[in-house]
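**Student:** Let me give you the structure first, and then I'll get to my questions.
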Amino acid sequence: MIEEKFDAIVIGAGMAGNAAALTMAKRGLKVLQLERGEYPGSKNVQGAILYADMLEKIVPDFREEAPLERHIVEQRFWMMNDSSHVGLQYRSDDFNEEKPNRYTIVRAQFDKWFSKEVQKAGAVVLCETTVIELVQDPQGKVLGVRTDRKGGEVHADVVVLAEGVNGLLGSRAGLRERPAPENVALAVKEMHFLPRETIEARFNLNGDEGVVIEAAGTISKGMTGVGFIYTNKESISIGLGCLVSDLKKSGQTPYGLLEAFKRHPSVVPLLEGSEVKEYAAHLIPEGGYNAIPQLYGDGWVVVGDAAQLNNAVHREGSNLAMTSGRIAGEAIFQIKSRKDPFTAENLKLYKKMLDDSFVIKDLKKYKDMPALLHTSSKNFFLTYPELIAKAMQTYVRVDGVPKIDKEKATVKSFKSARSLAGLVGDAFRFARAWR
Amino acid sequence: MHIVVCIKQVPDSAQIRVHPVTNTIMRQGVPTIINPYDLFAIEEALRLRDKFGGEVTILTMGPPMASDSLRKALTFGADRAVLLTDRFFAGSDTLATSFALSSAITKIGEVFGAADIVFTGKQTIDGDTAQVGPGIAKRLGLTQLTYVAKVADLDLAGRSIEVHRRAEGGVQVLKSPLPCLITMLEGTNEIRRGSMMDALRAARAEVVTWSAKDAGIPDVTKCGLRGSPTVVKRVFAPTPRAEKAQFVDPAGEPPADALINAIFKRAPKLEAELAELSRGY
Amino acid sequence: MAENPATPAPANSRAAAKKDLPEHFKAYKHVWVFIEQERGHVHPVSFELMGAGRRLADKLGVELAGVVLGAPGEATDHAVAETFCYGADLVYVVSDPVLENYRNEPYSKALTDVVNTYKPEILLLGATTLGRDLAGSVATTLLTGLTADCTELEVDADGSLAATRPTFGGSLLCTIYTLNFRPQMATVRPRVMPMPDRVEKPIGKIVTHPLGMVEDDIVTKVLSYIPDRDSAKSNLAFADVVVAGGLGLGSPENYQLIKQLAGVLGAEYGCSRPLVQKGWVSADRQIGQTGKTIRPKLYIAAGISGAIQHRVGVEGADLIVAINTDKNAPIFDFAHVGIVADAIRLLPPLTEAFRKRLSPHISDKLAS
Ligand SMILES: Cc1cc2nc3c(=O)[nH]c(=O)nc-3n(C[C@H](O)[C@H](O)[C@H](O)COP(=O)(O)OP(=O)(O)OC[C@H]3O[C@@H](n4cnc5c(N)ncnc54)[C@H](O)[C@@H]3O)c2cc1C
Ligand SMILES: Cc1cc2nc3c(=O)[nH]c(=O)nc-3n(C[C@H](O)[C@H](O)[C@H](O)COP(=O)(O)OP(=O)(O)OC[C@H]3O[C@@H](n4cnc5c(N)ncnc54)[C@H](O)[C@@H]3O)c2cc1C
Ligand SMILES: Nc1ncnc2c1ncn2[C@@H]1O[C@H](COP(=O)(O)O)[C@@H](O)[C@H]1O
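Protein chains in written order, with the working numbering: chain A, 140 to 574; chain B, 24 to 304; chain C, 1218 to 1585.
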């Protein structure tokens, strides 16, 4: 065992862990951060969207040094059936602002940079060090961690669990349950490398502008799931995620779905000639507000994906992770400054501060969405996209059929596929979940 | 005893991509690693230190970010790390690299004690030359023991070392005086995992960082581009073979027979040659 | 070999440098090949290099010489005689008892002295453990450029040696020059250059040179030599037929299928790197960048994806046959004949079918 005691131990060097460690180290706390990957980010799924606002609160001038790929000027939503997509596209030059709001990043590089900031702030960061269990006293108070290195037990006043979605440590220690299959999505993702000029030409981009495409429809074969395509500087991230419970039931493999997505006629021309270099699978917590576990206890707090803080509707995760990490760090600093012990009672402060932030407020707003999408997944991901695509085709095809007949046929096809009551019900439920 | 181990930070060659138009390396997202062969050198050095006492200094020449690799070497339990970094070193070939490293080893000797053994890896996976080790040995006048599979014995009092060196048709058992330079073969020992103490110490350690001047190199014309006799004229991707494989379509035939027919159709002389060979068997 | 060959050289850098050979190097002429002999045997790479050297010498209109170092006696005499049969115009010989076993000190002194005295413009060595050990120290002593592990040698219009070699694990090739220094040195991997025909020739002009060193000057002693007598040791590099398996085989037991097919074909068996890492197959069976380079007439790869590091080791094969379940596996990009099939199911009938096909000959053997 290591004699030296730390103020705080942070488990994990993802978005949440880095935010927490940096916040505490900057304020002078003695922080030890442990990461099992070879380097921070090595275990993280590549290619993602970064929300600048939340990072600014942690590293105000991050734009100067962080490895950012492209700032996003265009968002596309695709509703897909097997041969077509109906799209909504929003592009605005307003996004070419001095301090852009969203960027694509490559996590492996970004996390490395983020971790360097943590180290510069004075935290001790150890990679290739896996925490195997939490050290607890007989009453369950968390005293520290045990790692897989020789002589690897270390103690601290408080342990920040930022171990990501699996949350094995917390559940093993009996602090909370592992997420249920209907509350996690399995996402698979690939990086397709292309020369930057090719990417810029294919997506109509100038310089570091970037595009995000989100796609839903028959690509998930009736399961709750979405596909996405992001442009990086010299690569395109493409991926697709579905609820684990749906995958289990359908017997579909995520990789098979991604393959089909890539072969979709709308996608093929975007990827043509690229070289695939990375393939990764990762879980995303999608249970929303109702799935949030106990967030604090004697000697511990949990942040980020490990705490199920993920907004599936807006596909936001890292910003909630960063914010929860920052808030946990601030709460811990306050308690420490008051020289108070890290009891559950005192650590409740973290929950309070989190409740007041957008994190919990947003999750609350959509609290019924996961259940709705889950129970009506066939309608939302199979029937409607198919119907909408057909309607579009009927509408744009000029074939001598009178327009009035076309409209009638479309309405009929909607009704026959879903009873009118069902349709109205879905619309109503969707609106309510969104509200 | 003082051992210096030279390591290099290299891009993980398994993840290298080539730009299809400009034929340059696309480095984005390509992780860097400690040259895999150098891990064997580090491990052998640590074993000797553990057995005979003394210190292990890790040395690299490279850009500032090469300190990541040095820090990692410290987590294995090395005692000290020196980073040689300067814009004058950019573009060094093996002759210039061995000049810079040998100067730094001399300086390390002055500051931290003379090296009894200098280790390098057998070769790097980016340069792949296996020349830097011999180059350092020659410049420092050390006996050169390349392709060493194991250090069999070390006699500190008698100042001699016994090693097993891989030769083409077998293994040479060599005895040589100290100081010497060893280039370490792969596969002979697995790199250890440092303890929690080692890891903590490494995370906090200062990496000694030297410029050309700090390393006592007065004449930078021997470094970098200017000090390199070789010139890289052209870099290009291997020409992809025009035709892809001819696929065997067994249509009705047993696949094994279809495959054999395809092979012999493509190389008619092969059948007789194979018959000859299998007779030998 | 420069640090970062992949960075394209800007126009004003060394790469654009003009050849500007200093006066004292202008006397350097002729192409030399170091004839590597160890324990009485000339390494075949030396004769492969005589073939390559001949081409270069003819292009430059100069002579081709061999350099033989060794202890006085039959082996050295034989090496000299053979060097003529492989096309040498003359042979430099340093013959001294001290050169009995390879050691860096006397060998590098001998070669450095001969070079300084007789001044070749090109010096080629095999990229063997001996050749690389020697080349590295000779080049450093001579302060000249050395290009390692070349796969192609050419002479360009102004008579400079253009040495091409793989870099970054074979993902790229680069062509390297030593413009303003002499000699231009290169090592070449065994089995990369074709073996030239041996033509019976009388011994020609021999130039002997003294070593100028006695045993007491040499601090490194050879205590013993452990030959790789172990018959299980592979002879992959020189096999005419090679059968290899990769991770697609799924288990060490299935690797037996490779050995069985190799048995029937009289072939050597090999593998991709992960099998060595998993301990299924011994390291000397690994084919590829960090293993053996092979140049067989027939190479059969089963369950191997064909990663670039594997590819560089097998590309010299006359006929590459790939068995893989994935029709998009990269190996099909460079194999000549491919079959999309489960190797575990295909190998046993394939072995059987080969046995039948070649059986008349096998029964010949049984009869004799
Ligand atoms: C395919 C995909 C796409 C996504 N796209 C976006 C997006 O575009 N925008 C967005 O905002 N969010 C996105 N997300 C969600 C976002 O990635 C996560 O919400 C965020 O990474 C959570 O951060 P975290 O720090 O909680 O967890 P993680 O980033 O998972 O970090 C956990 C870290 O802990 C380490 N660890 C785990 N166990 C141990 C242990 N026992 N000992 C030591 N270390 C341990 C892990 O190695 C890891 O580094 C996406 C997620 C996926 C899967
Ligand atoms: C520095 C460095 C050096 C390296 N040096 C070498 C080297 O010298 N040699 C080397 O080989 N590798 C080397 N590698 C490793 C190389 O990058 C690849 O990882 C390795 O070659 C892959 O081995 P594989 O083809 O056996 O396995 P995989 O890549 O896993 O491929 C297995 C293949 O088997 C197929 N398959 C699966 N099941 C079956 C079945 N039942 N029947 C038929 N086919 C099946 C799959 O479709 C797949 O194509 C090196 C890597 C690095 C980083
Ligand atoms: N820049 C460098 N810094 C430190 N050591 C190096 C460097 N380049 C090469 N080496 C050492 O020399 C060995 C052989 O390298 P190479 O000649 O490039 O194949 C490597 O395994 C390292 O041990």
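Glycine included, every Cβ here is placed at the ideal spot set by N, Cα and C.
Quick one: which chain B residues come within Cβ less than 8 angstroms of A:L422?
**Tutor:** Neighbours of A:L422 on chain B: none; closest Cβ ~22 angstroms, over 8 angstroms.
**Student:** Please report the residue range of the alpha helix (DSSP H) in which A:I466 lies.
**Tutor:** S457 to S476
**Student:** Restricting to Cα atoms, I'd like to know which of A:E272, A:G361, A:G153 and A:E373 is closest to A:D347.
**Tutor:** A:E373
**Student:** Within a Cβ cutoff of 6 angstroms, which residues of the same chain sit near C:T1395, ignoring the five residues on either side of it in sequence?
**Tutor:** G1362 and Q1401
**Student:** Can you give me, in chain order, the residues of the region 1268 to 1291 of chain C that have a beta carbon less than 8 angstroms from any beta carbon in chain B?
**Tutor:** Hits within the stretch: zero.
**Student:** Which residue spans inside the region 149 to 206 of chain A form an unbroken beta strand (DSSP E) run of at least 3?
**Tutor:** As far as the region 149 to 206 of chain A is concerned, its whole beta strand (DSSP E) runs of at least 3 residues are 170 to 173 and 187 to 190.
**Student:** Below 8 angstroms on the Cβ atoms is my contact criterion, and I expect A:A295 with A:A147 to pass it. Report the Cβ-Cβ distance as a whole number of Å.
**Tutor:** 5 angstroms
**Student:** In this structure, does DSSP put B:A279 in helix, strand or coil?
**Tutor:** helix
**Student:** Does the beta carbon of B:R216 sit closer than 8 angstroms to a beta carbon anywhere in chain C?
**Tutor:** No, because no Cβ of chain C sits closer than 8 angstroms to the Cβ of B:R216.
**Student:** In chain B, what lies closer than 8 angstroms to A:V293 by C-beta?
**Tutor:** M219
**Student:** Given a limit of 8 angstroms on CB to CB distance, which residues of the region 278 to 300 of chain B reach chain C?
**Tutor:** P278, A279, D280, A281, L282, I283, A285, I286, R289, A290, L293, E294, E296, L297, A298, E299 and L300
**Student:** Is there a Cβ from chain A that is less than 8 angstroms from the Cβ of B:R224?
**Tutor:** no
**Student:** So with Cβ pairs under 8 angstroms, would you call C:P1566 a contact of chain B?
**Tutor:** With respect to chain B, the C-beta atom of C:P1566 has a partner C-beta closer than 8 angstroms.
**Student:** Cβ closer than 9 angstroms: which chain B residues qualify as neighbours of C:K1438?
**Tutor:** Taking a Cβ-Cβ cut-off of 9 angstroms, the neighbours of C:K1438 in chain B comprise L197, K198 and S199, given in sequence order.
**Student:** Bridge partners of B:E78, per DSSP?
**Tutor:** B:H25, per the DSSP bridge assignment.
**Student:** Is the beta carbon of A:A152 within less than 7 angstroms of some heavy atom of ligand 1?
**Tutor:** yes
**Student:** Report the residue from B:A137, B:N58, B:P252 and B:F287 whose alpha carbon sits nearest the alpha carbon of C:F1385.
**Tutor:** B:N58
**Student:** Would you list the one or two residues that DSSP bridges to A:S374?
**Tutor:** A:F332
**Student:** Report, in whole angstroms, the separation of the C-beta atoms of A:G436 and A:A483, which I expect to be a contact under 8 angstroms.
**Tutor:** The pair is a contact, with the Cβ atoms about 5 angstroms apart (cut-off 8 angstroms).
**Student:** Can you check the region 506 to 552 of chain A for any alpha helix (DSSP H) of at least 4 residues that lies completely inside it and give the ranges in chain order?
**Tutor:** 508 to 514 and 523 to 535
**Student:** Give the secondary structure of A:G309 by DSSP, where H, G and I count as helix, E and B as strand, and everything else as coil.
**Tutor:** helix
**Student:** Indicate, with yes or no, if ligand 3 has a heavy atom lying under 7 angstroms from the CB of A:N220.
**Tutor:** no
**Student:** With a threshold of 8 angstroms on Cβ separation, who are the neighbours of C:K1422 within its own chain once the five nearest residues in sequence on each side are excluded?
**Tutor:** D1306, L1307 and V1308
**Student:** Spatial neighbours of C:Y1486 within its chain, please: C-beta separation below 6 angstroms, excluding the five flanking residues on both sides.
**Tutor:** V1460, I1475, K1476 and A1479
**Student:** Please go through the same chain and pick out, in chain order, the residues whose beta-carbon is closer than 6 angstroms to the beta-carbon of C:G1182, but skip the five residues on each side of it.
**Tutor:** Summary: the structure shown does not reach residue 1182 of chain C, with chain C confined to residues 1218 through 1585, and so no result is reported for it.
**Student:** Can you give me the start and stop residues for the alpha helix (DSSP H) that A:K416 sits inside?
**Tutor:** Here A:K416 belongs to no alpha helix (DSSP H); instead the beta strand (DSSP E) covers E414 to P424.
**Student:** Tell me the rounded alpha-carbon separation between C:D1294 and C:V1355.
**Tutor:** 24 angstroms
**Student:** Note down, one range per segment and in chain order, each beta strand (DSSP E) of at least 3 residues found wholly within the region 1300 to 1378 of chain C.
**Tutor:** 1307 to 1312, 1339 to 1343, 1363 to 1367 and 1369 to 1372
**Student:** For ligand 2, I want to know if C:R1512 counts as a neighbour, meaning its beta carbon is within less than 7 angstroms of at least one of the ligand's heavy atoms.
**Tutor:** no
**Student:** Are the beta-carbon atoms of C:A1274 and C:V1248 separated by less than 8 angstroms?
**Tutor:** yes
**Student:** State the beta-bridge partners of C:Q1503 as determined by DSSP.
**Tutor:** Note: C:Q1503 sits in a beta bridge opposite C:C1488.
**Student:** In this structure, does DSSP put B:V134 in helix, strand or coil?
**Tutor:** helix
**Student:** Does C:M1218 get closer than 8 angstroms to chain B when you measure Cβ to Cβ?
**Tutor:** A caution first: C:M1218 carries a pLDDT of 43, below 50, which makes its placement in the model unreliable, though a value can still be read off. So yes, C:M1218 belongs to the interface.
**Student:** Would A:I141 and B:M220 qualify as a contact pair, given that the criterion is a beta-carbon distance under 8 angstroms?
**Tutor:** In this structure, A:I141 places its C-beta atom within 8 angstroms of the C-beta atom of B:M220.
**Student:** Does the beta carbon of C:R1256 sit closer than 8 angstroms to a beta carbon anywhere in chain B?
**Tutor:** It does; some Cβ of chain B falls within 8 angstroms.
**Student:** Of all the residues that make up the region 108 to 130 of chain B, which are near chain C by a beta-carbon distance shorter than 8 angstroms?
**Tutor:** A113, G114, S115, D116, T117, L118, T120 and S121
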